[in-house]
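Going letter by letter, the sequence shown gives residues 1 to 353 in my numbering.
Glycine included, each C-beta is placed from N, C-alpha and C at the ideal position.
See structure below.
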Amino acid sequence: DNKNSEACHGHLKMYTLKDIKQATNSFHPNNILGHGGFGIVYKGILLDGTIAAVKRLREFVSSGEVQFHTEVEVMSLVVHRNLINLIGFCSEDNERILVYPYMLNGTVASKLQAYVSGRPALDWAGRKKIALGAARGLAYLHDRCDPRIIHRDIKASNILLDEHFQAIVSDFGLAKLLGQGQSHVFTAIRGTFGRIAPEYLLTGESSDKTDVYAYGLLLIELITGRKRLDVNPDEFEKGGVIDWARELLKDGLLSSFVDERLKYNYNYAEAEEMVQIALLCTMYRAAHRPRMSEVVRMLEGDGSVAGRWERLKDVKAPEHGAETPKIVLSPAHYSEEEHNSVELEAVQLSGPR
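Here it is in structure tokens:
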């Protein structure tokens, strides 16, 4: 009986391959939501009627096997409204399958390029809500989980939006768990180029502050509405989006930085503060960056942003050279495709873009 075929693993359900085939109509091509480096994601309907995103990892891909075990381990530890809830998994024969809730509103990346009735799908209030929700999810991972967790691939295409446009951090395949008293880990460099903190790129050292750095770049995406960030020394003469934002902030010209499609329908003081937070999060030295719990308080309006920025605004990164990547912002808005991630993107856990 199918109803008895589910077993439990912590709060996760363990599905049989028969369950999964029934949910996806035997992995029918019509149910495909997306493709990625680790496999294919299908839309499925579970036995209880829940609509799910079923992520089927490719056979014999060792990195996919690692991702599978990482996601199951991490997701069995976390429960938070701003983190994806892994419903369950299937590990049968050569199949490695992860079952997630289906997210109606896709990803932040897809919504940043979308229009509704001629206006951007994400207004300023929606972007602030996403910034705070994602920050709360990361703060939970860093400070309230035991063991603590580093996500390691924060970006707009890995933040899903539920039916209430609440930010849901997803894609934990690159995550790392920190042991008791451990502040960082050394690993081979993985993630999305253009999102990698300087210390990680130079030494392979990951900590919660590498997530803070990537979160700062996410804030810049929300503010500008522009397409993904890349490493490209020649594309922007001022040395990158971070330097550009710093100059515009100093000169009182932030209206040139905020998404032009908002047509000035935003609060300038709030935009200024959000840019300051983004610049604090992307400080060159990890020690100068705030913790995510501090970012949450700043976004909630604790009044600390201006003072913190005043103390650190003149701290300079080393001169751009061979060892220091420039991070630049493409002048175009979000494009349909993003291929610079080493893992399956969160968009494939959601509906059509």
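query                                                                                                                 : result
Counted within 10 angstroms of its Cβ, other Cβ atoms place threonine 50 as buried (16 or more) or exposed            : exposed
Assigned secondary structure, isoleucine 149 (DSSP; H/G/I helix, E/B strand, else coil)                               : strand
Pairwise C-alpha distance: threonine 203 and proline 314                                                              : Proline is not the amino acid found at residue 314; the sequence shown has aspartate there. For aspartate 314 and threonine 203, the distance between alpha carbons rounds to 25 Å.
Burial state of valine 41 (16 or more Cβ within 10 Å)                                                                 : buried
Rounded separation between glycine 303 and arginine 311 - CA only                                                     : 14 Å
Sequence-distant residues of the same chain with beta carbon closer than 6 Å to methionine 75, five excluded per side : Leu86
Sub-8 Å separation of valine 296 and alanine 139 beta-carbons                                                         : yes
Alpha-carbon spacing of serine 293 relative to arginine 285, whole angstroms                                          : 18 Å
Sequence-distant residues of its chain with Cβ nearer than 6 Å to lysine 55 (five each side left out)                 : Val41 and Leu98
Integer-rounded CB distance, given that arginine 289 should sit under 8 Å from methionine 283                         : 5 Å
Simplified DSSP assignment, three categories, for leucine 178                                                         : strand
Inter-residue Cα distance where the pair is leucine 217 and alanine 114                                               : 20 Å
Three-state secondary structure (DSSP) of alanine 286                                                                 : helix
Reduced DSSP category for leucine 219 - H, G, I as helix; E, B as strand; rest coil                                   : helix
Residue from Gln67, Val78, Val66 and Glu65 with nearest C-alpha to histidine 11                                       : Val78
Under 8 Å between C-beta atoms of glycine 133 and methionine 14                                                       : no
Cβ-based burial, lysine 111 [other Cβ within 10 Å; buried from 16]                                                    : buried
Three-state secondary structure assigned by DSSP to glycine 39                                                        : strand
Whole-Å CB distance - alanine 167 paired with histidine 151, under 8 Å assumed                                        : Not a contact, Cβ separation roughly 13 Å.
Local conformation of isoleucine 130 per DSSP, three classes                                                          : helix
Assumed close pair phenylalanine 257, alanine 245 - CB separation to whole angstroms, cut-off 8 Å                     : 6 Å
Environment of aspartate 211 [buried if 16+ CB atoms lie within 10 Å]                                                 : buried
Check whether leucine 141 and isoleucine 130 have beta carbons under 8 Å apart                                        : no
For methionine 103 and leucine 57, the rounded distance between their alpha carbons                                   : 19 Å
Inside the segment 53-121 only - beta strand (DSSP E) runs reaching at least 3 residues                               : 88-92 and 95-101
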